[in-house]
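Trainee: My questions will all concern the structure given below.
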Amino acid sequence: MLTNGQAKSSSYQGANPIHELLAEGQSVWQDDISRQMLESGEIARAISETGIRGLTSNPTIFEKAIASGTAYDADIARFLGEDKTAAEIFEAVEVQDIRDACDLFRPIYDESNGGDGYCSIEVSPGAARDPELTRNEARRLWQSVDRPNLMVKIPGTAEGAAIIEEMLTEGININITLLFAIESYERVANAYVAALEARAVSGQPIDRIASVASFFVSRVDTLVDKLLDEKIAQTTDSAAKEELQHLKAKAAVANAKLAYASFQEIFEGPGFAPLRANGAMVQRPLWASTSVKNPDYRDVLYVEELIGPDTVNTMPRPTIVAFSDHGIVGRTVDRDLDAARQIVAELRQVGIEMEDVTARLEDEGIASFTKSYDTLIAGVEAKRSQVATAVAAG
């Protein structure tokens, strides 16, 4: 089933594996942005030639973009006389970049009737456990960018679920991020459904409310493989070592496939049918963190194993290049579900509970993004000092 404006496009069919993914119902978004990419036409070419259909960003991406080169120096110089904090300067340049990106993707958004062509901007990491801060930042970013094909990224923590529902009910498109646990995924999927129901009851339109649930992949294997290696090192039994080794590089895909099974249950069942009949789009699972961290694994592992209808895969540019070169396309996301369940069961048997893994990853994810954001703000402060010195020197 192809929905959310994902009809097969004759201009993409057969051109390369990225284009072929669309025929399977999967959109590729680019997990990268910079002023240089925007101004050089690199993103425009990625849209027209490679076939990307959306874009995601985060503090780490912007930290690298602002720290390297001089693309942001003119903006920073302009803000010198406005007494802006480093955080305010960052938000101003971030909003401008995302607004410009939204404009580049707007034709896709229009052509797909709002099914694709989105760009994401993230609330600050400090909002992850603070509902009031999340609410205020989401509204401010939505109003500042002022584009219908914007998605505001909000962490899918327990604290964020009610705010996510509230923002969606207000008509703000939300990219729910930092999802690792199936329980967390189901919570935010149900929040999306509840928001649509609330809008329908109050007579508000539901056909242009869009959301994706960003389910993180590779980090699961990174942690589980580490735990397995620790257990391998602690045993002298060769059979036990082999059993543990067999489980490596399996948890992430299994976890994501089980999340997709929950997606099918929620959005393809009778409960969502009345909303669909009134034009509602499904909340697509977005596979995030899909670059391979272990060089021993196939570099497109987390793309090839999670292909299927009504999904998004946001990839860094090296993964897009790799998949364009040698990716194999075919529906895989709902294949071998029994094997996925067996992987989770076998991990439990050796003392690795996925609930513990995903809870730890959520905490580590928030800490990592917070560290990146702090580094980003320090970098903006340093860049501001550098620009101020250059301006003063004439």
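Numbering-wise, the sequence shown is residues 315 to 708 according to our numbering.
C-beta atoms are modelled at their ideal positions from N, C-alpha and C, and glycine is treated no differently.
(1) Are T633 and V614 close, meaning C-beta to C-beta below 8 Å?
(2) For a minimum of 3 consecutive residues, which ranges assigned as the beta strand (DSSP E) are wholly contained in the region 476-527?
(3) Do V647 and T672 count as a contact pair if the criterion is CB distance below 8 Å?
(4) Pairing CB atoms from the region 542-557 with CB atoms from the region 608-623, are three or more of them under 8 Å?
(5) S434 lies in the beta strand (DSSP E); which residues open and close that run?
(6) Consult DSSP for P588 and reduce its assignment to one of helix, strand or coil.
(7) Could you check whether S458 and V409 sit closer than 8 Å to each other, using their CB atoms as the reference points?
(8) For E402, which residues in the same chain have their Cβ closer than 7 Å to its Cβ, ignoring the five residues on either side in sequence?
(9) Going straight from the alpha carbon of K709 to that of Q656, what length do you get?
(10) Tell me whether the region 426-442 and the region 364-374 touch, counting them as touching only if at least three CB pairs, one residue from each stretch, are closer than 8 Å.
(11) Note down the Cα distance separating A568 from E557, rounded to an integer number of angstroms.
(12) Mapping DSSP to helix, strand and coil, what is A594?
(13) Taking the beta strand (DSSP E) that P469 falls in, what are its first and last residues?
(14) Would you tell me roughly how many angstroms separate the C-alpha atoms of D639 and E396, rounded to the nearest one?
(15) Does DSSP put Y326 in a helix, a strand or coil?
(16) Let me see if you follow: with CB-CB separation under 8 Å, is Q663 close to chain C or not?
(17) Taking just the CA atoms, how far does A476 sit from G328?
(18) According to DSSP, is M315 helix, strand or coil?
(19) Indicate whether the contact test is met: 3 or more Cβ pairs, each with one atom in the region 478-492 and one in the region 503-523, closer than 8 Å.
(20) Taking buried to mean at least 16 other C-beta atoms within 10 Å of its own C-beta, is T471 buried or exposed?
(21) For I642, does the count of other Cβ atoms within 10 angstroms reach 16, so buried, or fall short, so exposed?
(22) Under 8 Å, do I520 and G593 count as touching if we go by C-beta distance?
(23) Suppose the cutoff is 6 Å on Cβ atoms and the five residues either side in sequence are ignored; what does the same chain contact list for A495 look like?
(24) Please state the DSSP three-state secondary structure of P609.
(25) Would you mind stating whether L447 and D411 have Cβ atoms separated by less than 8 Å?
(26) Which word fits P588, buried or exposed, when buried means at least 16 other C-beta atoms lie within 10 angstroms of its C-beta?
(27) To the nearest angstrom, report how far apart V502 and A527 are at their CA atoms.
(28) Could you please give me the residues that DSSP links to Q340 through a beta bridge?
(29) In the DSSP assignment, find the unbroken alpha helix (DSSP H) run with G679 in it and report its ends.
(30) Do L493 and Y499 come within 8 Å of each other at the CB atom, strictly closer than that value?
(31) Which of the three DSSP states, helix, strand or coil, is assigned to P439?
(32) In whole angstroms, what separates the C-alpha of Q578 from that of V538?
(33) Mapping the DSSP letters down to three states, classify A566 as helix, strand or coil.
(34) Residues bridged to P599 by DSSP?
(35) Can you give me the Cβ contacts of S438 inside the same chain, cut-off strictly under 7 Å, excluding the 5 residues immediately before and after it?
Mentor: Let me lay it out:
(1) By one-based count along the sequence shown, residue 633 stands at place 319. By one-based count along the sequence shown, residue 614 stands at place 300. Yes, they are a contact pair.
(2) 488-493
(3) One-based indexing of the sequence shown puts residue 672 at position 358. One-based indexing of the sequence shown puts residue 647 at position 333. No; because the gap between Cβ atoms is not below 8 Å, this pair is not in contact.
(4) no
(5) On the sequence shown, position 120 is the one that residue 434 refers to. First-last of the beta strand (DSSP E) with S434: 433-436.
(6) As a working mapping, residue 588 is identified with position 274 in the sequence shown. Three-state result, P588: helix.
(7) Counted from its first residue, the sequence shown places residue 409 at position 95. Counted from its first residue, the sequence shown places residue 458 at position 144. Closer than 8 Å, so yes.
(8) By one-based count along the sequence shown, residue 402 stands at place 88. Excluding positions up to five away in sequence, the list is empty.
(9) Residue 709 cannot be examined here, being either before or after the span of the chain that is shown, 315 to 708.
(10) yes
(11) Counting from 1 along the sequence shown, the entry for residue 568 is found at position 254. Counting from 1 along the sequence shown, the entry for residue 557 is found at position 243. Answer to the nearest angstrom: the Cα atoms are 17 Å apart.
(12) Here the question's residue 594 lines up with position 280 in the sequence shown. Reduced to three states, the DSSP call for A594 is coil.
(13) Translated into positions along the sequence shown, residue 469 becomes position 155. Looking at the DSSP string, the run of the beta strand (DSSP E) that includes P469 is 464-469.
(14) As a first step, residue 639 is located in the sequence shown; it is residue number 325 there, counting from the start. As a first step, residue 396 is located in the sequence shown; it is residue number 82 there, counting from the start. The straight-line gap from Cα to Cα measures roughly 47 Å.
(15) Translated into positions along the sequence shown, residue 326 becomes position 12. Residue confidence for Y326 is low, a pLDDT of 42 falling below 50, so the modelled location carries little weight; the figure read from the coordinates is stated next. Y326: coil per DSSP, three-state reduction.
(16) Here chain C cannot be found, since the structure has a single protein chain.
(17) If you number the sequence shown from 1, residue 328 lands on position 14. If you number the sequence shown from 1, residue 476 lands on position 162. Caution is warranted here: a pLDDT of 46 is assigned to G328, below 50, making its placement in the model unreliable, and the coordinate value is therefore given only provisionally. For G328 and A476, the distance between alpha carbons rounds to 43 Å.
(18) By one-based count along the sequence shown, residue 315 stands at place 1. Per-residue confidence for M315 stands at a pLDDT of 49, beneath the threshold of 50, marking its modelled position as unreliable; no derived number is given.
(19) yes
(20) As a working note, residue 471 is residue 157 in the sequence shown. By the neighbour-count rule (16 or more Cβ atoms within 10 Å), T471 is buried.
(21) Counted from its first residue, the sequence shown places residue 642 at position 328. Exposed is the call here.
(22) The residue labelled residue 520 in the question sits at position 206 within the sequence shown. The residue labelled residue 593 in the question sits at position 279 within the sequence shown. Contact: yes.
(23) As a first step, residue 495 is located in the sequence shown; it is residue number 181 there, counting from the start. The answer, listed in chain order, is T672.
(24) Position 295 of the sequence shown holds residue 609. Of the three classes helix, strand and coil, the one that applies to P609 here is coil, per DSSP.
(25) Numbered from its first residue, the sequence shown carries residue 447 at position 133. Numbered from its first residue, the sequence shown carries residue 411 at position 97. Not in contact: L447 and D411 (Cβ atoms no closer than 8 Å).
(26) Reading the sequence shown from its first residue, position 274 is the one you call residue 588. With fewer than 16 other Cβ atoms within 10 Å, it is exposed.
(27) On the sequence shown, position 188 is the one that residue 502 refers to. On the sequence shown, position 213 is the one that residue 527 refers to. One C-alpha to the other measures close to 7 Å.
(28) Translated into the one-based positions of the sequence shown, residue 340 becomes position 26. DSSP lists T625 as partners of Q340.
(29) The count along the sequence shown starts at 1 and reaches residue 679 at position 365. G679 -> alpha helix (DSSP H) spans 668-706.
(30) What you label residue 499 is simply residue 185 of the sequence shown in a count that begins at 1. What you label residue 493 is simply residue 179 of the sequence shown in a count that begins at 1. A contact, by the Cβ cut-off of 8 Å.
(31) The residue given as residue 439 occupies position 125 in the sequence shown. Helix, per DSSP.
(32) In the sequence shown, counting from the first residue as 1, residue 578 sits at position 264. In the sequence shown, counting from the first residue as 1, residue 538 sits at position 224. Distance between the alpha carbons of Q578 and V538: 26 Å.
(33) As a working note, residue 566 is residue 252 in the sequence shown. Residue state, collapsed to three classes: helix.
(34) Looking up residue 599 in the sequence shown gives position 285. Paired residue(s): A527.
(35) Working through the sequence shown from its first residue, we reach residue 438 at position 124. Excluding residues within five positions, the ones whose Cβ falls inside 7 Å are E451, Y687.
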